[in-house]
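*Asks:* Chains as they are written, first to last, in my numbering: chain A, 1 to 575; chain B, 1001 to 1244.
Okay, handing you the structure first.
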């Protein structure tokens, strides 16, 4: 009998590790969201003391409750870092990937359970490191989540700790991706051929390759930046720097653009790391709740693979304004337009999949459905940023913030909420409360658009991002400045509606309707396992054998409208 | 569409080219959003469980979506090849002859814009980082004969109407970005590198230089001013500024 520690803390079971990842990352999502709620106060009411909680942040951050630029920049840098590296990706990959993927391929666990455990604990260590940096002298990192040198070189000690935290997180991610790839390649149940894989597994597989191949670039870059800061090397420091009126000794010969290339070589594929698992979740939920297969399964798989491949060739579209000539900018504009094609195909396929369905509007389905138009808006508004000419006007404005938040927040995070509502009964054996879920959905949908839609208006007018006073100084944006208050109140409204989710997660543990093993009458193998499957690698009573594709819903002639993948022949099915 | 988007007023010769790309893309977005949005809402109502209790497994069989996707790709190709690439390329190549342009150096620093005019001799004086001080922000060597008539202006960038302007842009400390919203000009100022940009102002007016890259605590107030003046007014200003 494993001890308590082995069972729940240093567990080797993919389900426990998945839940550990999910809970930790949900806490980080809430934390990162809270950082933004603080920033939104300063943006809406610049220079006014934070009400009620202003005294909590100390004289160094908010004397008299009024946020200093020092603190605002920390919040900005850490909001981005926490949301991407500690929230969304660990939930999508570490949480859902770990819990669901082995079940969906009929495996008893991941290929390397100890590596899996190490991966979680490195992530945890990275997270703690990031959090701890807030109490350092000078606070946490404050040079943006992009950490561009030389600004990051001159930053306070928090930047060094940020780099250390990143090294832990990247190591964790690399161990995880090796494990995912091996598991998917080696441990599929008999009969589960590549084109019988649920789309979710495809999403995780492509994601794992992206993480494996892109993160080392940032790993290297973070080490180089740390060496610049600690040992006085000068990889990113050019000659002739004058900082604060003094010539910077020891700097010379480096190039700050090198960092940007290495950073975006990771950070663009990272966008697809955020989006592919989300698409996977949406496909699983949509097929189950339309009672029909996905439209163009093979086309979608091909698009996802192509998307993954192309995502390594577009990174410099984040750098159009760094002094690019015609040929390089043409290359990156063109690759950017090419990568939009598989995205358009996948999104179109999802829309088309609804046609002819018998749609059940339960909470997971509502979130999954909302993903489609929200991701659509996020994708389309990427076009003017992906073309170098229009980017001249829109670069570094709120248009950019609106664009990528539509992709990540009402896009990916909505898909993640959908996934929580959908697989919660598998984890706990109980369904989440539908009423609370629908209130959570409605409130979130309204308020999240209230935050991000006005950003396009502000961005087009030329309002820049990362301004401590929300742009109040600038005359050319004075007509769109008033949106700041509207957006901030929307953000706080959004925060309020998350309480319904938090309460639901805890309440349903005790009071949720017992779910049985397959509450959604879904076809994939995860629903063939018992609910709350036994730990210690006991996912399936007997090893499943797969006989069919992932989405055999509404097969003509059959008595029920779904045939699970492990069923060899259903009643009434044509032979 | 242009009015609807609410971009800053166009005040340079190439601004309309940039805006055309933005407008075309937003038309594409509007059409796609309306089309797919209508399809989406229709399917949600028509195929709700109450109205369609039994799903049709084969789903949609019409092939129009392929044509829609092809049309999207074609639109993107047209906008890319015929509008965006030429518009961007014109910004980074085809520089006017320096003799027919107003040429300046802009040196960014935390949190100010230093504008260096070569003066009547059209030659920039030598600069050296060891000469940098609070009175001499760009380290101009006043002993250099070419520097005698140079003008260094802090946070005030004056340019004459109707003549091309060439800016040699760099930074002393961290990365800044030189944004002139009404000119549709934005370019990162990167220490250790000099980037050239050019534009031709077509309207007189007083506007702001916007720092467009996070550059530290004072980023939000790294605001400069620029004025497009009638040529005579500009000449008079420059002459006055050059007088010690």
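Quick reminder that beta carbons are idealized off the backbone N, C-alpha and C, glycines included.
None of the values given here were measured: they were computed from a predicted structure.
1. Determine which residues share a DSSP beta bridge with residue 1226 of chain B and list them.
2. Could you tell me the boundaries of the beta strand (DSSP E) in which residue 531 of chain A lies?
3. Please list the residues of the segment 235-254 of chain A that have a C-beta atom closer than 7 angstroms to any C-beta atom in chain B, keeping them in chain order.
4. Using the three-state DSSP reduction, which class does residue 292 of chain A fall into: helix, strand or coil?
5. For a contact meaning CB atoms closer than 8 angstroms, what does residue 1084 of chain B contact in chain A?
6. Between the segment 1159-1187 of chain B and chain A, which residues of the former have a C-beta closer than 8 angstroms to a C-beta of the latter?
7. Taking a contact to mean a Cβ-Cβ separation below 9 angstroms, would you say residue 425 of chain A touches residue 531 of chain A in this structure?
8. Shorter than 9 angstroms from the beta carbon of residue 69 of chain A to some beta carbon of chain B?
9. List the residues of chain B whose Cβ lies closer than 9 angstroms to the Cβ of residue 148 of chain A, in chain order.
10. Note down, in chain order, all residues in the segment 1039-1056 of chain B with a beta-carbon under 8 angstroms from any beta-carbon belonging to chain A.
11. Quick check on this structure: which residue in A:227, A:468, A:438, A:8 has the alpha carbon closest to the alpha carbon of residue 77 of chain A?
12. Would you mind reading off the limits of the alpha helix (DSSP H) that contains residue 1010 of chain B?
13. I need the DSSP call for residue 1196 of chain B, collapsed to helix, strand or coil.
14. Please look up how many angstroms separate the CB atoms of residue 223 of chain A and residue 168 of chain A, rounded, as I've assumed it's under 8 angstroms.
15. Just the Cα atoms here: how many angstroms apart are residue 1047 of chain B and residue 91 of chain A?
16. Confirm the yes/no value for this check: CB of residue 176 of chain A, any heavy atom of the ligand FMN, distance under 8 angstroms.
17. Against chain A, which members of the segment 1059-1085 of chain B pass a CB distance test of less than 8 angstroms?
18. Assign residue 1079 of chain B to buried or exposed, taking buried as 16 or more other Cβ atoms, counted over all protein chains shown, within 10 Å of its Cβ.
19. Measuring alpha carbon to alpha carbon, tell me which residue in B:1093, B:1182, B:1159, B:1124 is nearest residue 1145 of chain B.
20. Taking CB distances under 9 angstroms as the criterion, tell me whether residue 1019 of chain B reaches chain A.
21. Bridge partners for residue 1177 of chain B per DSSP, in chain order?
22. Quick one: any contact between the segment 33-43 of chain A and the segment 117-134 of chain A, if contact means 3 or more CB pairs under 8 angstroms?
23. Mind checking which residues open and close the alpha helix (DSSP H) that includes residue 503 of chain A?
24. How long is the line joining the alpha carbons of residue 229 of chain A and residue 154 of chain A, rounded to whole angstroms?
25. Residue ranges of each beta strand (DSSP E) run of no fewer than 3 residues wholly in the segment 415-488 of chain A, ordered along the chain?
26. Could you give the uninterrupted runs of the alpha helix (DSSP H) lying entirely in the segment 4-92 of chain A, keeping only those of 4 residues or more?
27. For the 8 angstroms Cβ check, are there 3 or more pairs between the segment 257-277 of chain A and the segment 211-226 of chain A?
28. Check residue 1166 of chain B in the structure and name its three-state DSSP category.
29. Whose Cβ in chain B lies nearer than 7 angstroms to the Cβ of residue 291 of chain A?
30. Could you spell out where the beta strand (DSSP E) holding residue 1239 of chain B opens and where it closes?
31. In chain order, what residues of the segment 1118-1144 of chain B put their CB closer than 8 angstroms to some CB of chain A?
32. From the DSSP output, read off the bridge partner residues of residue 1201 of chain B.
33. The beta strand (DSSP E) spanning residue 1116 of chain B covers which residue range?
34. Going by other Cβ atoms of all chains shown within 10 Å of its Cβ, with 16 needed for buried, is residue 53 of chain A buried or exposed?
35. Shorter than 9 angstroms from the beta carbon of residue 1089 of chain B to some beta carbon of chain A?
36. Examine chain A for any beta-carbon lying closer than 9 angstroms to the beta-carbon of residue 1106 of chain B, and answer yes or no.
*Replies:* Looking at the coordinates:
1. B:1157, B:1207
2. Segment: none, residue 531 of chain A is in no beta strand (DSSP E) and carries neither H nor E.
3. For the segment 235-254 of chain A, which is checked against every Cβ of chain B, the residues closer than 7 angstroms are 238, 239, 240, 241, 242, 243, 245, 247.
4. coil
5. 333, 387, 388, 389, 390
6. 1172, 1173, 1174, 1175, 1177, 1179, 1181, 1182, 1184, 1185, 1186, 1187
7. yes
8. yes
9. 1174, 1175, 1213, 1214
10. 1039, 1040, 1043, 1044, 1047, 1048, 1049, 1052, 1053, 1054, 1055, 1056
11. A:468
12. Residue 1010 of chain B -> no alpha helix (DSSP H), and no H or E assigned at all.
13. strand
14. Actually they do not touch by this definition, with Cβ atoms about 13 angstroms apart.
15. So the alpha carbons of these two residues sit roughly 32 angstroms apart.
16. The ligand FMN is not part of the structure shown, which contains no ligands of any sort.
17. 1059, 1060, 1065, 1068, 1069, 1072, 1073, 1076, 1077, 1079, 1080, 1083, 1084, 1085
18. buried
19. B:1124
20. Yes, its Cβ sits closer than 9 angstroms to a Cβ of chain A.
21. B:1188
22. no
23. 483-511
24. 8 angstroms
25. none
26. 14-44, 69-81
27. yes
28. Strand at residue 1166 of chain B.
29. Residues of chain B with a Cβ closer than 7 angstroms to the Cβ of residue 291 of chain A are, in chain order, 1055.
30. Careful: residue 1239 of chain B lies outside any beta strand (DSSP E), inside the alpha helix (DSSP H) at 1231-1242.
31. 1129, 1130, 1132, 1133, 1134, 1139
32. B:1012
33. 1112-1117
34. Residue 53 of chain A counts as exposed, since fewer than 16 other C-beta atoms from the protein chains shown sit within 10 angstroms of its C-beta.
35. At a cut-off of 9 angstroms, the C-beta of residue 1089 of chain B has a neighbouring C-beta in chain A.
36. Contacts with chain A at 9 angstroms (Cβ-Cβ) do not include residue 1106 of chain B.
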